[in-house]
Amino acid sequence: MGKDYYNILGVSKTASQEEIKKVFRQKAHQYHPDKQGGDEAKFKEINEAYQVLGDEKKRAQYDQFGSAFEHGQAGGGFSGFDGFRDFSGFANGFNVNFEDLGDVFGGLGDIFGFSARGGQGRRGGTRARRGNDIEVTLTIDFFEAVFGAEKEISLQKTVKCDKCGGNGAEPGAKIETCKSCKGSGRQIRMQRTIFGQVQTQVSCPDCNGEGKTFSEKCKKCGGRGIVREMTNLKVKIPAGIDEGESIRLSGQGEAGAKGASAGDLYLKIRVKPDKRFERDGYDIKSTSEIKFSQAALGDKIEVATVDGPVKLKIPEGTQSDTVFRLRDRGIIKLQGRGRGDHLVKVIVKTPTGLSRKQRKALEELGV
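If you number the sequence shown the way numbering that gives the first Met the number 0 does, the last residue is 366 and the count never jumps.
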């Protein structure tokens, strides 16, 4: 029975290419094997689905022939090799390079000639793995969410070793070009496959793919070039951020080994509730009690807002649950697009414990 790629990605058959790409990114981030709680099998499965549904031509063939569409395309002949050759769609969908995923795909990049983008983290002829992303929950108070703030956070993560500068060699140690790979970090081997003899590249075992050897490993990092330390960061919280939203700090995640680029830090925001105010989008809601006489005759009352107390005019004859709008007293909108409003609901407090005189006066008024 063929695989249901739409079900694997969790999208409908009418989903747009943009929707498919968005869902794939989310799921790939969720199930990445390097993340806590990741699932390598699921990661591979959603990537397989995206290779088909993310390509309009393959998607049309899949809709016609099912998951065996490549065989149908070739008139019953074998064409699965094309599927491996087109793994580049994964990089386009998730903005990563194949070298970062070498352990997941078991060296398929070497066998089938995938190329990685850019030269970041390259030592000799190989590329070290990019550092892992980190997700941290940051709790802020209601006013910090409204107006923004600068916070200092502390977290433990891998950073570049300050003793060896990240190269893994003990200061003063002799560093030489690897004689086995001549500095390339790779060795070429012939591998027998179902397609015949295939030339492959593997990481040089003598220098661990670095292209260099040194007489003594760094005593602080053990030759890895990275160490785990407590790090303090100052973070700017933008005005208007809301509960559950995230801030991405590029390059502030785990350091990559051997000079590779660092991962990213994601700050997931939690906002402490305020007993006086409730947020509704970019608006703020609050409730104020007024006396029966104020509702009947009108008055000016003081209302608490995030900007401080303001005067609110209560017209005569105001009914309970009436909502008044204080314009531009709400949440500061992201990207400097003004502010929301403050909505004040007034509750008319019914008097109790009336004196005989007060009761008589109300009876005469007929209210």
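All C-beta atoms, glycine included, are put in the ideal place defined by N, C-alpha and C.
Should residue i go down as buried or exposed, given a rule of 16 or more other Cβ atoms within 10 Å for buried?
{"i": "residue 339", "result": "buried"}
{"i": "residue 294", "result": "buried"}
{"i": "residue 254", "result": "buried"}
{"i": "residue 240", "result": "buried"}
{"i": "residue 6", "result": "exposed"}
{"i": "residue 349", "result": "exposed"}
{"i": "residue 50", "result": "buried"}
{"i": "residue 357", "result": "exposed"}
{"i": "residue 305", "result": "buried"}
{"i": "residue 12", "result": "exposed"}
{"i": "residue 73", "result": "Confidence in residue 73 is poor, its pLDDT being 41 and thus under 50, which makes the residue's placement unreliable; the coordinate value appears in the next sentence. With fewer than 16 Cβ atoms within 10 Å of its Cβ, residue 73 is classed as exposed."}
{"i": "residue 58", "result": "buried"}
{"i": "residue 252", "result": "buried"}
{"i": "residue 256", "result": "buried"}
{"i": "residue 144", "result": "buried"}
{"i": "residue 82", "result": "Note that residue 82 has pLDDT 39, beneath the 50 cutoff, so the model's placement of it is unreliable and the number below is only indicative. So residue 82 ends up on the exposed side."}
{"i": "residue 40", "result": "exposed"}
{"i": "residue 278", "result": "buried"}
{"i": "residue 383", "result": "Residue 383 lies beyond the residue range present for the chain, which begins at 0 and ends at 366; the question has no answer from this structure."}
{"i": "residue 369", "result": "A question about residue 369 goes unanswered here, because the residues of the chain that appear run from 0 up to 366."}
{"i": "residue 222", "result": "buried"}
Taking the alpha carbon of residue i as the point to measure from, which residue in the options has its own alpha carbon closest?
{"i": "residue 220", "options": "142, 167, 238 and 196", "result": "167"}
{"i": "residue 273", "options": "258, 139, 153 and 224", "result": "139"}
{"i": "residue 290", "options": "308, 147 and 313", "result": "313"}
{"i": "residue 234", "options": "46, 39, 51 and 135", "result": "135"}
{"i": "residue 172", "options": "161, 216 and 129", "result": "216"}
{"i": "residue 141", "options": "225, 325, 27 and 282", "result": "282"}
{"i": "residue 298", "options": "310, 305, 8 and 44", "result": "310"}
{"i": "residue 244", "options": "224, 269, 147 and 238", "result": "269"}
{"i": "residue 238", "options": "318, 337, 183 and 132", "result": "337"}
{"i": "residue 227", "options": "58, 160, 148 and 276", "result": "160"}
{"i": "residue 351", "options": "343, 345, 361 and 251", "result": "361"}
{"i": "residue 129", "options": "154, 33, 205 and 332", "result": "33"}
{"i": "residue 3", "options": "319, 31, 45 and 143", "result": "45"}
{"i": "residue 148", "options": "137, 155 and 285", "result": "137"}
{"i": "residue 230", "options": "154, 318, 342 and 19", "result": "154"}
{"i": "residue 218", "options": "162, 22 and 204", "result": "162"}
{"i": "residue 288", "options": "343, 250 and 278", "result": "343"}
{"i": "residue 178", "options": "211, 52 and 36", "result": "211"}
{"i": "residue 30", "options": "43, 278 and 15", "result": "43"}
{"i": "residue 316", "options": "175, 222, 170 and 346", "result": "346"}
{"i": "residue 151", "options": "355, 175 and 236", "result": "236"}
{"i": "residue 204", "options": "18, 300 and 183", "result": "183"}
{"i": "residue 333", "options": "60, 63 and 146", "result": "146"}
{"i": "residue 296", "options": "318, 303, 307 and 302", "result": "318"}
{"i": "residue 247", "options": "19, 174, 308 and 133", "result": "133"}
From what residue to what residue does the beta strand (DSSP E) around residue i run?
{"i": "residue 213", "result": "211–213"}
{"i": "residue 174", "result": "174–176"}
{"i": "residue 159", "result": "148–159"}
{"i": "residue 301", "result": "298–304"}
{"i": "residue 274", "result": "Counting along the chain, residue 274 falls outside any beta strand (DSSP E), and DSSP gives it neither H nor E."}
{"i": "residue 350", "result": "It is not in any beta strand (DSSP E) - residue 350 carries neither H nor E in the DSSP assignment."}
For residue i, does the three-state DSSP call read helix, strand or coil?
{"i": "residue 224", "result": "coil"}
{"i": "residue 292", "result": "helix"}
{"i": "residue 422", "result": "The requested residue 422 is not part of the displayed model; the chain covers only 0 to 366."}
{"i": "residue 236", "result": "strand"}
{"i": "residue 323", "result": "strand"}
{"i": "residue 265", "result": "strand"}
{"i": "residue 46", "result": "helix"}
{"i": "residue 62", "result": "helix"}
{"i": "residue 168", "result": "strand"}
{"i": "residue 134", "result": "strand"}
{"i": "residue 258", "result": "helix"}
{"i": "residue 216", "result": "strand"}
{"i": "residue 357", "result": "helix"}
{"i": "residue 312", "result": "strand"}
{"i": "residue 181", "result": "coil"}
{"i": "residue 57", "result": "helix"}
{"i": "residue 52", "result": "helix"}
{"i": "residue 284", "result": "strand"}
{"i": "residue 407", "result": "Beyond the ends of the chain as shown, which are 0 and 366, falls residue 407; an answer cannot be given."}
Looking at the secondary structure, which residues open and close the alpha helix (DSSP H) in which residue i lies?
{"i": "residue 18", "result": "16–30"}
{"i": "residue 8", "result": "4–8"}
Stretch-stretch touch, CB-based, cutoff 8 Å, three pairs: the stretch 171–188 with the stretch 200–214: yes
Per the contact definition of three or more C-beta pairs closer than 8 Å, is the stretch 256–269 in contact with the stretch 323–330? no
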